[in-house]
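S.K.: Chains as they are written, first to last, in this note's numbering: chain P, 98 to 272; chain L, 810 to 968.
#1: Please report the residue range of the alpha helix (DSSP H) in which residue 901 of chain L lies.
#2: I'd like to check one pair, residue 192 of chain P with residue 163 of chain P: are the Cβ atoms closer than 8 Å?
#3: Taking only three categories from DSSP, how would you classify residue 144 of chain P?
#4: Alpha carbon to alpha carbon, how far is residue 253 of chain P from residue 106 of chain P?
#5: Near residue 857 of chain L, which residues of its chain fall below 6 Å by C-beta distance, leaving aside the five closest residues on each side in sequence?
#6: Rounded to whole angstroms, what is the Cα-Cα separation between residue 263 of chain P and residue 236 of chain P?
#7: Can you pull the DSSP bridge partners for residue 244 of chain P?
#8: Please report whether the beta-carbon of residue 129 of chain P lies at a distance below 8 Å from any beta-carbon of chain L.
#9: Which chain L residues sit within Cβ distance under 9 Å of residue 123 of chain P?
#10: Could you tell me the distance, in whole angstroms, from the CA atom of residue 242 of chain P to the CA atom of residue 199 of chain P?
#11: Could you compute how far the alpha carbon of residue 155 of chain P sits from the alpha carbon of residue 188 of chain P?
#12: In angstroms, rounded to a whole number, what distance separates the CA positions of residue 918 of chain L and residue 910 of chain L?
#13: Counting Cβ pairs closer than 8 Å, one from the stretch 872-885 of chain L and one from the stretch 207-217 of chain P, do we hit at least three?
#14: For a test of the three-state rule: what should DSSP assign to residue 911 of chain L, helix, strand or coil?
#15: I'd like the span of the alpha helix (DSSP H) that includes residue 193 of chain P, first residue to last.
#16: Answer with yes or no whether the minimum CB distance from residue 151 of chain P to chain L is below 8 Å.
#17: Give the list of continuous alpha helix (DSSP H) stretches no shorter than 4 residues that lie fully inside the stretch 155-226 of chain P.
#18: Going by beta-carbon coordinates alone, are residue 234 of chain P and residue 171 of chain P separated by less than 8 Å?
#19: How about the stretch 169-186 of chain P and the stretch 134-154 of chain P: do they share at least three Cβ pairs that are nearer than 8 Å?
#20: Residue 135 of chain P and residue 258 of chain P: beta carbons closer than 8 Å?
#21: Would residue 218 of chain P count as contacting chain L if we go by Cβ distances under 8 Å?
#22: Spell out whether any CB of chain L is found under 8 Å from the CB atom of residue 224 of chain P.
#23: Measuring only the C-alpha atoms, how far is residue 913 of chain L from residue 115 of chain P?
#24: Does DSSP put residue 861 of chain L in a helix, a strand or coil?
#25: What does a CB cutoff of less than 6 Å around residue 169 of chain P pick up in its chain, not counting 5 residues either side in sequence?
#26: Do residue 897 of chain L and residue 841 of chain L have their C-beta atoms closer together than 8 Å?
#27: When the cut-off is 8 Å and only beta carbons count, does residue 899 of chain L lie next to chain P?
So, in structure tokens, the structure goes:
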């Protein structure tokens, strides 16, 4: 009896590990930028190419940086949720228009609504790389002192917004 | 038969097309390009996670290669660039994981399993060897019975 117990135990441990492995999402690589100062940038705005925007301008408030693009299908799916969130006035949403054509980006905002206070225009995607963006859409939560507190990889969902994003914003605003 | 031959011929003809879309190397600075490619083999493409950015043509991989090229051109060292990437994308971006306490199991697990396995095998073989030596020798009678049993079995098996 005993000689079967050991292999059986090892097998069960293995199954448990594999089982846990199945529930993990390999696409979600934890960002090392969490709880670090947001990488700085200075980019032209999407609507006004003569004006610029950078994280320094937003010191003192909690804000979201949503990385989006007109060619990104998932971003389009996420878009109505952002418009809705923007309407609630809980948190200012800033966009990072990532590797897009200025005209295409503007056209999307015209047709589907513009949830962003304003969007930065990252034609080459260099700022995206600096922020560790690897798959749009991504949404960063930045606190009053300019630290990145959370990163949502992929599209936001109503559940994520209700259960995670809004409580986090309330917490950061309270602190 | 004829059509099969034709099919194979067509397949052979389209084979070079498979190479048509591989990552392009710009030719203006072969030395720099070599360094870019060498460093790129150490960086994981986060979109196509089991490829390095050297192997991949995904847009992010191309962008990252451009970043590597730009930084090398600025005179940054290979290590500095790797550090930069790790700061942005995490250690997962390194194609071979660092050797540290949390990755010891990953690095040395398979080898230690092999060693343990060989150890167990060795112990079992030695025990078996000892058992064989300690087993009481058969008497002449028992030998004869065993032989008859064996030949009897063999006889049955043939019939």
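We treat Cβ as the ideally placed atom computed from N, Cα and C, and that holds for glycine.
M.R.: Taking the structure as given:
#1: Translated into the one-based positions of the second chain, residue 901 of chain L becomes position 92. That residue, residue 901 of chain L, is in no alpha helix (DSSP H); it is neither H nor E in DSSP.
#2: In the first chain, counting from the first residue as 1, residue 163 of chain P sits at position 66. In the first chain, counting from the first residue as 1, residue 192 of chain P sits at position 95. Cβ distance < 8 Å, so residue 163 of chain P and residue 192 of chain P count as in contact.
#3: Position 47 of the first chain, counting from 1, holds the residue named residue 144 of chain P. The three-state reading of DSSP puts residue 144 of chain P in coil, since its state is none of H, G, I, E or B.
#4: Along the first chain, read from residue 1 onward, the residue named residue 253 of chain P stands at position 156. Along the first chain, read from residue 1 onward, the residue named residue 106 of chain P stands at position 9. Cα to Cα, the separation comes out at about 40 Å.
#5: Here residue 857 of chain L refers to the residue found at position 48 when the second chain is read from its first residue. For residue 857 of chain L, where only same-chain residues beyond five positions count, the Cβ hits under 6 Å are 865, 867.
#6: Here residue 263 of chain P refers to the residue found at position 166 when the first chain is read from its first residue. Here residue 236 of chain P refers to the residue found at position 139 when the first chain is read from its first residue. Cα-Cα distance, rounded: 13 Å.
#7: Indexing the first chain from 1 puts residue 244 of chain P at position 147. Paired residues: P/134.
#8: Here residue 129 of chain P refers to the residue found at position 32 when the first chain is read from its first residue. Closer than 8 Å to some Cβ of chain L, the Cβ of residue 129 of chain P qualifies, so yes.
#9: Numbered from its first residue, the first chain carries residue 123 of chain P at position 26. Neighbours of residue 123 of chain P on chain L, chain order: 858.
#10: Stepping through the first chain from its first residue, residue 242 of chain P is reached at position 145. Stepping through the first chain from its first residue, residue 199 of chain P is reached at position 102. The alpha-carbon atoms of residue 242 of chain P and residue 199 of chain P are separated by roughly 30 Å.
#11: For the purposes of this step, residue 155 of chain P is identified with residue 58 of the first chain, where counting begins at 1. For the purposes of this step, residue 188 of chain P is identified with residue 91 of the first chain, where counting begins at 1. Using only the alpha carbons, I get a separation of about 12 Å.
#12: The residue you call residue 918 of chain L lines up with position 109 of the second chain. The residue you call residue 910 of chain L lines up with position 101 of the second chain. Taking the straight line joining both Cα atoms gives about 12 Å.
#13: Contact fails: fewer than three Cβ-Cβ distances are below 8 Å.
#14: For the purposes of this step, residue 911 of chain L is taken as the residue at position 102 of the second chain. The answer is helix: DSSP assigns residue 911 of chain L an H, G or I state.
#15: Taking the first chain and counting its residues from 1, the one referred to as residue 193 of chain P is at position 96. Residue 193 of chain P -> not in any alpha helix (DSSP H); beta strand (DSSP E) instead, spanning 190-195.
#16: Taking the first chain and counting its residues from 1, one reaches residue 151 of chain P at position 54. Not one chain L Cβ lies under 8 Å of residue 151 of chain P.
#17: 170-184, 199-209
#18: As a first step, residue 234 of chain P must be located in the first chain, where it is residue number 137. As a first step, residue 171 of chain P must be located in the first chain, where it is residue number 74. The answer is yes: Cβ separation under 8 Å.
#19: With a cut-off of 8 Å on Cβ pairs, the stretch 169-186 of chain P is not in contact with the stretch 134-154 of chain P, counting fewer than three such pairs.
#20: The count along the first chain starts at 1 and reaches residue 135 of chain P at position 38. The count along the first chain starts at 1 and reaches residue 258 of chain P at position 161. Going by C-beta atoms, residue 135 of chain P is not nearer than 8 Å to residue 258 of chain P.
#21: Numbered from its first residue, the first chain carries residue 218 of chain P at position 121. So, not an interface residue.
#22: The count along the first chain starts at 1 and reaches residue 224 of chain P at position 127. It does not: the Cβ of residue 224 of chain P has no partner Cβ on chain L nearer than 8 Å.
#23: Locating residue 913 of chain L in the second chain gives position 104, counting from the first residue. Locating residue 115 of chain P in the first chain gives position 18, counting from the first residue. When rounded, the distance between both Cα atoms is 19 Å.
#24: To locate residue 861 of chain L, count along the second chain from 1; it is residue 52. DSSP places residue 861 of chain L within a strand segment (E or B) once states are collapsed to three.
#25: Position 72 of the first chain, counted from the start, is the residue given in the question as residue 169 of chain P. Hits under 6 Å: 233.
#26: Here the question's residue 897 of chain L lines up with position 88 in the second chain. Here the question's residue 841 of chain L lines up with position 32 in the second chain. Not in contact: residue 897 of chain L and residue 841 of chain L (Cβ atoms no closer than 8 Å).
#27: For the purposes of this step, residue 899 of chain L is identified with residue 90 of the second chain, where counting begins at 1. Closer than 8 Å to the CB of residue 899 of chain L there is at least one CB belonging to chain P.
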